[in-house]
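S.K.:
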Amino acid sequence: MHRFKDLEIWRLSRKFCSDIYEATSSFPETEKFGITNQLRRASVSVPSNIAEGCSRKSKRDFSRFLEIALGSMYEIETQLLISNDLDFIQKNELNCLLQKLDSIIKMTSKFKSTLK
Numbered sequence: 024m025h026r027f028k029d030l031e032i033w034r035l036s037r038k039f040c041s042d043i044y045e046a047t048s049s050f051p052e053t054e055k056f057g058i059t060n061q062l063r064r065a066s067v068s069v070p071s072n073i074a075e076g077c078s079r080k081s082k083r084d085f086s087r088f089l090e091i092a093l094g095s096m097y098e099i100e101t102q103l104l105i106s107n108d109l110d111f112i113q114k115n116e117l118n119c120l121l122q123k124l125d126s127i128i129k130m131t132s133k134f135k136s137t138l139k
């Protein structure tokens, strides 16, 4: 069993969640229950699933929760691209967020491969 607070992927994804909240704070009010909510919920689910997976007794169960977290990361990537398409987020901020997200995805995938 892992201590989630000791995992770099958990710490980075938790910080990334704050970045998403900050980025979406300037989205249109009409998107409060739309893409803003979807991005925020998906970003919260990443560190949450990593933490929940840490509580599991088997590596297989933990790996499954990491897979769910990775799915949420790809959901975030898609939603950020759509947000840029709709001019809710500027290209430079998008690139910064996508770079951070890509790093977390790679670290999570690599960590997941060590659980086999």
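Counting from 1 along the sequence shown, just add 23 to a position and that's the residue number in the working numbering. By construction, the Cβ of each residue, glycine as well, lies at the ideal position given by its N, Cα and C atoms. Bear in mind the structure is a predicted one, so any value in this text is a computation, not a measurement.
If the criterion is Cβ atoms closer than 9 Å, does the pair Arg-87 and Gly-76 meet it?
M.R.: Here residue 87 corresponds to residue number 64 of the sequence shown, with the count starting at 1. Here residue 76 corresponds to residue number 53 of the sequence shown, with the count starting at 1. Taking 9 Å as the Cβ cut-off, Arg-87 and Gly-76 qualify as a contacting pair.
S.K.: Just to confirm my understanding: we take Ile-91, look at its own chain, exclude 5 residues before and 5 after, and list those with CB closer than 7 Å. What are they?
M.R.: As a first step, residue 91 must be located in the sequence shown, where it is residue number 68. Cβ within range, chain order: Asn-72.
S.K.: Locate the alpha helix (DSSP H) running through Glu-45, then write down its first and last residues.
M.R.: Taking the first residue of the sequence shown as 1, we reach residue 45 at position 22. Counting along the chain, the alpha helix (DSSP H) containing Glu-45 begins and ends at 31-47.
S.K.: On the criterion of 16 or more Cβ atoms from any shown chain inside 10 Å, does Lys-114 qualify as buried, or is it exposed?
M.R.: Translated into positions along the sequence shown, residue 114 becomes position 91. Per the 10 Å Cβ criterion, exposed.
S.K.: Nearest chain D C-beta to Trp-33 closer than 9 Å, yes or no?
M.R.: This model lacks chain D altogether; it includes just one protein chain.
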